[in-house]
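Heads up: the sequence lines are chains A and B, in that order. Going letter by letter, the first sequence gives residues 96 to 703 in this note's numbering. Going letter by letter, the second sequence gives residues 24 to 327 in this note's numbering. Just so it is clear, CB atoms sit at the ideal spot from N, CA and C, and this is done for glycine as well. These numbers come from a predicted model, not from an experiment. Structure first, commentary second.
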Amino acid sequence: MTDDKDLIRDDIEAYLAKYRKKELLRFVSVGSVDDGKSTLIGRILYDTGMVFEDQMAAVRAASQSEEPDLALLTDGLKAEREQGITIDVAYRYFATDERKFIIADTPGHIQYTRNMVTGASTADVALILIDARHGVLQQSRRHAYIASLLGIPHLAVCVNKMDLKDYSQEVYDAISADFMEFGKTLRFKDIQFFPVSALVGDNVVSDSENTPWYDGPSVLGYLETVPVFADRNFDDFRYPVQYVIRPDLDYRGFAAEVSSGVIAKGDDIVALPSGKESKVKAIDTYDGELEEAFAGQSVTIRLEDEIDISRGDMIVKPGNLPRVTRRFDAHIVWMHERPLDTEKAYLVKHTTQTVRAQIDKIHLEVDMDTLEEKPSDGVELNDIAKVRLSCHRALYVDDYEKNRETGSFIVIDTLTNNTVAAGMIALEGSDQNIAEVMKELHAESAMEPKTFVSPNERMERFGQRGATIWLTGLAGSGRWTLAYALERKLFDEGRTATVVSPVGEDLRSMISAAKAVTDAGLINICAFPSPARKDRDELTARIGEDRVIQVYVNTDEALCRERRPDVDTSNFEPPEDPDITVALDQMRIDKAVELIMQALRERGQFDA
Amino acid sequence: MQTSERKLSQLRQLEAESIQIIREAAAEFDNPVMMYSVGKDSSVMLRLAEKAFAPGPLPFPLLHVDTTWKFQDMYRYRDIIEANLKGELIKHVNEDGVAMGINPFDFGSKKYTDVMKTEGLKQALTKHEFDCAFGGARRDEEKSRAKERIFSFRDSHHQWDPKNQRPELWNVYNAKIKKGENVRVFPLSNWTELDVWLYVWLEDIPVVPLYFAKERPVVERSGTWILVDDDRMRLEEGEEPQMKKVRFRTLGCYPLSGAVESDADTVPKVIQEMLLNRFSERQGRLIDFDEEGSMEVKKREGYF
């Protein structure tokens, strides 16, 4: 900042001419409270002159010791100040003579994978801190793994608190070697190490006399020079249309940000999903026409031919197509307290398309302790898994490693509208030609024709799990009376229940009816005659043991015969292991109802 | 063409990203509106919106929440913008507040801002059923804004819950809401004050003259200069307006906006002064001194 300061004073216009040409670098800083990350960021801001005098005065006043606590510069929301930790991604800005920087400052605790992923998604560089006293902890490996998964090209590892280890080269070398062992298995273009003390300022903004054995750049020196413009994909032209600009009948422009690649006036293009070809007539901007547009520019393209193109369509080049597919694999990071439901339909937003989709298969999960793959027992908050998605419509995708723009997507819950996951597409297999692409575009939905309402969603709606309460007993035992009394009681308690009573059908049909009602999330009560044990076995086999409650209405046999002398009861096989037994000659009917209600509650049939 | 030429400067990159954000919101929401406060950030945002849809008109109206206590220069400037606008400018005043006689002198800055600004904004959003409102706020303005999302979700009471914000990844924005809920969209999130001024300069964007130093009648209050802008200004005992060469770093309601003494009468000089005297931009806004973390409190209540 010092050189610039003179320029600002002496020739502001020259300074502005220089500033306007500066490049942007985004980096994510990761680490826990104790690593000294906030101090490091505070140190960079302070030493580059980005701190206002009144902010510094506030920091001095709030600091516990005589030296200002630089970590306080980056402290944020009230809730966090109270907890003393950072709980969300905070964005900070500073500029040096060389570049402008955006820092995504993320918390490093294991439960906040979600935040790190958010900050990492747009970063060019990941800055990770390691406490020199503790060496490489699993947490650091985890952070590096996530940074790599999110496709950050460059990794900077700061071995911090070197002052507490007497600036020992041995300590630094051992930690670097230890980390590199793991780091080389990841996908970074390069990994750089820095011996620093954020507190004292060694090698953060300027070189340190305390580490004569280190001749590399300072952290800031590295951030100012690491080449990042070449990280963008300039090879594969992808243009996901955002908005159609049509002020009058003569003008039709397709507005978008170029996701990747380059397009020039006169280039051949093909529009997806129509497959129609044309040429670029003009590349328009508010400031005039361009000869070519490249990755990262927001422009408006006009075509030679009248082709029907709308938002969500993609303009590409005929010889370089994305994968057009309804079904693909991806790594996802789950970001919501409510776990992944593989039965449910979500919305997937990919570039400018939003489609209904199901995450119908979990291939594996990443064990965040060992960073090894393991079979999944369900995907929950902060879990990382490899899954398969099946979409209602085709998406135009690339592998995330090749293209961060067209390889990424978010998953939205259809009920709450929350963003519940971030996804990175993992493609395998060879490229498609245009014929294969068109075939895929005209294929049926990859989502199987089945319900997109999952049992869990039904449970939430009704506040109960679907179940069949099956009453078994002799004719005359009072099954039907009990059935209707139970229905009334459930209804009165706000439950959704019904007695299924198509009497006269064969038992198979009645079991089908019971299953349909149970699948719909209702509690249904059946009192059909089912004297044989094998009938009841069929019932549990078809509806599922955990969804059937067998009630044996064990009313005194003599009494039953007295009531229904017309029915032959010799073929009745009493249930061997009913869930509940009630004898209606020995208790009032509401007592029997209460017993059944009690059993339902104990089984967790109801929400609360 | 060489790849080295395919490099965007940071300002052009910010511009392209902001245009992507504006187009995305315009496409995804049913009924967006752009907040227009007449300040420099609004002016930059408006230019970006024009760029996003050129050669077409803006696909949404502008909304000015008028507290009736803005600087006279701001009203004059607003009327010029309106005359040249290819679209609608909605002006909303909280008439209930006017009827109650709410003013910044008798009611204190908090009460006054709550009623005339925060309530006024909510009223306007509700009245027109806007489901998206673009705002010109930047993350570098204030600490609590550092964590603000670009698409910032508000519940049906227009409330912002810092613990219930959606994760925001890449440039893929989630615009799904239920009826009655709305989203504030901040296209300038990643711009700094310097970026905004530089853009004003490079793009030759007209801004309200109050940003530039000029002899103006002022009185000193709480260590800052308050402009005697019209005859509604109440002078306290012993206060005598004096002419000082001052300018404003932020514009709002004149009795609550502090001026600084300055000689900067061009954009480069304003930038020069800003860079050489590093003191926080909101220092001139009296509303922030009310209570600790006050901006966060205001945001929870629905203030921008």
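Top-ranked residue by Cα proximity to residue i, from the options
i: A609 of chain A; options: A:P202, A:A694, A:V643; result: A:V643
i: L233 of chain B; options: B:I44, B:E263, B:F271; result: B:F271
i: I340 of chain A; options: B:G79, B:G131, B:P84, B:C155; result: B:G79
i: N107 of chain B; options: B:R239, B:D119, B:L85; result: B:L85
i: V336 of chain A; options: A:H249, A:A351, A:G296, A:R187; result: A:A351
i: M519 of chain A; options: A:K195, A:F389, A:V532, A:E500; result: A:E500
i: H151 of chain B; options: B:V241, B:M139, B:T141, B:D53; result: B:D53
i: D685 of chain A; options: A:R659, A:K584, A:R656, A:D702; result: A:K584
i: I247 of chain A; options: A:I427, A:A218, A:T613, A:R115; result: A:A218
i: R590 of chain A; options: A:R560, A:E193, A:A390, A:W575; result: A:R560
i: D632 of chain A; options: A:P673, A:E600, A:E496, A:A325; result: A:P673
i: A77 of chain B; options: B:V61, B:E284, B:I45; result: B:I45
i: W248 of chain B; options: B:A75, B:K145, B:E238; result: B:E238
i: V290 of chain B; options: B:L299, B:M68, B:M256, B:F235; result: B:F235
i: T446 of chain A; options: A:L281, A:I410, A:H431, A:V474; result: A:I410
i: D89 of chain B; options: B:M58, B:V67, B:N194, B:V251; result: B:M58
i: I618 of chain A; options: A:Y579, A:R327, A:H249; result: A:Y579
i: I197 of chain A; options: B:D137, B:S280, B:T273, B:L37; result: B:L37
Those residues which DSSP pairs with residue i across a bridge
i: H426 of chain A; result: A:K481, A:M519
i: G568 of chain A; result: A:V648
i: M266 of chain B; result: B:P240
i: R397 of chain A; result: A:A377
i: I410 of chain A; result: A:Y334, A:A366
i: P55 of chain B; result: B:C155
i: Q33 of chain B; result: According to DSSP, Q33 of chain B bridges with nothing at all.
i: D164 of chain A; result: Its beta-bridge partners do not exist; DSSP assigns none.
i: Y186 of chain A; result: A:A199
i: P190 of chain B; result: None; P190 of chain B has no bridge partner.
i: A221 of chain A; result: A:V123, A:L250
i: F130 of chain B; result: Note: F130 of chain B sits in no beta bridge, so no partner.
i: E372 of chain A; result: A:V365
i: C486 of chain A; result: A:A452
i: Q287 of chain A; result: A:A251
Residue-chain proximity (residue i, chain D), Cβ-Cβ < 7 Å
i: D478 of chain A; result: No chain D appears in the structure shown, which is made up of the protein chains A and B.
Every unbroken beta strand (DSSP E) within the stretch 433-474 of chain A, with a cutoff of 3 residues, ordered by chain: You should have 440-445, 448-461.
Please list, in chain order, the residues of the stretch 179-195 of chain B that have any C-beta partner in chain A closer than 8 Å. P185, K186, Q188, R189, P190, E191, L192, W193, N194, V195
In chain order, which alpha helix (DSSP H) runs of at least 4 residues are fully inside the stretch 230-285 of chain A? Whole alpha helix (DSSP H) segments, 4+ residues: 233-244, 264-278.
Is the stretch 336-349 of chain A touching the stretch 390-406 of chain A in the sense that three or more CB pairs, one from each, lie closer than 8 Å? yes
Considering only residues of the stretch 316-361 of chain A, which uninterrupted alpha helix (DSSP H) runs meet the minimum length of 4 residues and lie entirely inside it, listed in chain order? Fully enclosed alpha helix (DSSP H) runs of 4 or longer: not present.
Taking any Cβ of chain B, which residues in the stretch 104-130 of chain A have a Cβ under 7 Å from it, in chain order? R104, I107, E108, L111, Y114, R115, K116, K117, E118, L119
For the stretch 344-355 of chain A, list every residue whose C-beta sits within 7 Å of some C-beta in chain B, in sequence order. Y346, A350, E352
What residues in the stretch 46-69 of chain B have a beta carbon less than 9 Å from any beta carbon of chain A? R46, E47, A49, A50, E51
Does the stretch 257-271 of chain A come within contact of the stretch 226-239 of chain A, defined as at least 3 CB pairs closer than 8 Å? yes
Contact list for the stretch 150-163 of chain A against chain B, Cβ threshold 8 Å: Here the close residues are Q150.
Please list the segments of the beta strand (DSSP E) lying wholly inside the stretch 549-637 of chain A, counting only runs of 3 or more residues, in order along the chain. 562-568, 592-594, 618-621
Closer than 7 Å, Cβ to any Cβ of chain B: which residues of the stretch 387-401 of chain A, in chain order? E387, F389, G391, Q392, S393
Would the stretch 459-470 of chain A count as touching the stretch 530-538 of chain A if we require 3 or more Cβ pairs under 8 Å? No: fewer than three Cβ pairs fall under 8 Å.
Where the stretch 262-282 of chain B meets chain A: residues whose CB sits under 7 Å from a CB there: none
The stretch 407-422 of chain A / the stretch 188-204 of chain A touching (three or more Cβ pairs under 8 Å): no
So, does the stretch 159-174 of chain B touch the stretch 204-218 of chain B, judging by three or more C-beta pairs under 8 Å? yes
Fully enclosed by the stretch 81-128 of chain B, which beta strand (DSSP E) runs are 3 residues long or longer? 85-88, 112-115
Is the stretch 96-111 of chain A touching the stretch 157-171 of chain A, taking contact as three or more C-beta pairs under 8 Å? They do not touch, by the three-pair rule.
Counting only Cβ-Cβ distances shorter than 8 Å, please list the residues of the stretch 317-341 of chain A near chain B, keeping chain order. F324, A325, F329, Q337, Y338, I340, R341
Completely contained beta strand (DSSP E) runs for the stretch 211-262 of chain B, where each covers 3 or more residues: 237-244, 247-250
Mind listing which residues of the stretch 214-244 of chain B have their C-beta closer than 7 Å to chain A's C-betas, in chain order? T215, L221, W224, L225
Any C-beta of chain B within less than 7 Å: which residues of the stretch 274-301 of chain A qualify? none
Note down, in chain order, all residues in the stretch 182-209 of chain A with a beta-carbon under 7 Å from any beta-carbon belonging to chain B. Cβ contacts with chain B: D183, V184, A185, Y186, R187, Y188, K195, I197, R209.
Along the stretch 145-168 of chain B, what residues have a CB closer than 8 Å to any CB found in chain A? R162, D163, K166, S167
Can you give me, in chain order, the residues of the stretch 646-675 of chain A that have a beta carbon less than 7 Å from any beta carbon in chain B? Going along the stretch 646-675 of chain A in chain order, one finds no residue with a Cβ nearer than 7 Å to chain B.
When you check each C-beta in the stretch 196-214 of chain B against every C-beta of chain A, which residues fall closer than 7 Å? N197, K199, I200, K201, N213
If you measure beta-carbon to beta-carbon, which residues of the stretch 30-46 of chain B are closer than 7 Å to chain A? K30, L31, S32, Q33, L34, Q36, A39, I42, Q43, R46
Residues from the stretch 507-534 of chain A in contact with chain B, defined by Cβ distance under 8 Å: I507, N512, N513, T514, A517
Count the CB pairs spanning the stretch 280-296 of chain A and the stretch 256-263 of chain A that are closer than 8 Å, and state whether there are at least three. yes
Segment contact flag, the stretch 168-186 of chain B with the stretch 218-230 of chain B, C-beta cutoff 8 Å, min 3 pairs: Using a Cβ-Cβ distance cut-off of 8 Å, the stretch 168-186 of chain B and the stretch 218-230 of chain B are not in contact, since fewer than three pairs of beta carbons, one from each stretch, lie closer than that value.
Output needed in chain order: residues of the stretch 471-497 of chain A with a Cβ under 7 Å from some Cβ in chain B. none
Contacting positions in the stretch 72-106 of chain B - beta carbon closer than 9 Å to chain A: E73, K74, A75, F76, A77, P78, G79, P80, P82
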